[in-house]
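Step one of this worksheet: look at the structure below.
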Ligand SMILES: Nc1ncnc2c1ncn2[C@@H]1O[C@H](COP(=O)(O)OP(=O)(O)O)[C@@H](O)[C@H]1O
Ligand SMILES: [Mg+2]
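Residue numbers (the numbering used here): 3 to 234.
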């Protein structure tokens, strides 16, 4: 089993959105996934409880019991455990990093958020864990050109020598509306968001060497939009 810790000491950076989408992406590809929600607000738990039909297992846990949740996931023969962590609680974040195979740091593309990331990055480096930084809630690139906000953010990340993921999640309402019913943006009609999530999944799954899972959707004919090439 592989474990991902989705972390950021700053609130509202997009951790729960990323954690839920990674757990759902795994589930949709036939990878047995469990999400453990360490945040007392239990947003990820509420999101996955709203899902109709089957989905990734989800349990809530205090930060001190993440290891018990990890043992439970192994006992249930899960392939993937995703830990969604609260903002600002260094102990919980540290515990999650110690137990993970990959720390997924989520950051909005503002200099204030990136300055806040430096602290999270320092903890990850001290613990010597593989890590990736996912920029989230970024304005959309126009004709392949990143908006100045994103360009500056990427420069800030380069300055910090942050291991930045090659996939940027854009600010899209579909990420909010899909999760209201426990669904992934991959299950909705906005193909741009679906492509972002699929690319993030591919990158993260490869980074933790998850065994090859089924391609999703299994039958592209079932969703012709999914099979269409990206717009020029
Ligand atoms: N890529 C995105 N596009 C649009 N809204 C987003 C995106 N990611 C997160 N949000 C919204 O931003 C807010 C904070 O996101 P959330 O995932 O709960 O952050 P965190 O768990 O880090 O506090 C939520 O209202 C969420 O719906
Ligand atoms: Mg959250």
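Even for Gly, the Cβ is constructed at its ideal location relative to N, Cα and C.
Cβ-Cβ distance between residue i and residue j below 8 angstroms
i	j	result
residue 87	residue 59	no
residue 136	residue 202	yes
residue 134	residue 85	no
residue 173	residue 116	no
residue 129	residue 99	yes
residue 31	residue 183	no
residue 181	residue 89	no
residue 123	residue 162	yes
Reduced DSSP category for residue i - H, G, I as helix; E, B as strand; rest coil
i	result
residue 9	strand
residue 172	strand
residue 110	coil
residue 207	helix
Distance cut-off 7 angstroms: residue i Cβ against heavy atoms of ligand 1
i	result
residue 44	no
residue 14	yes
residue 2	With the chain covering 3 to 234 only, the question about residue 2 has no answer from this structure.
residue 72	no
residue 63	no
residue 138	yes
residue 177	yes
residue 241	Outside the displayed range of the chain (3 to 234) lies residue 241, so it cannot be described from this structure.
residue 171	yes
residue 89	yes
Residue i Cβ short of 7 angstroms to ligand 2 heavy atom set
i	result
residue 17	yes
residue 192	no
residue 86	yes
residue 41	yes
Residues of its chain near residue i, where Cβ-Cβ distance is below 7 angstroms and the 5 sequence neighbours each way are ignored
i	result
residue 199	23, 27, 186, 187 and 188
Own chain partners of residue i with C-beta closer than 6 angstroms, once the 5 adjacent residues on each side are dropped
i	result
residue 140	111, 152, 170 and 172
Start-end ranges of the beta strand (DSSP E) lying completely within the segment 21–105, minimum 3 residues: 35–39, 59–62 and 82–86
Every unbroken alpha helix (DSSP H) inside the segment 136–198 [4 residues or more]: 150–161 and 175–182
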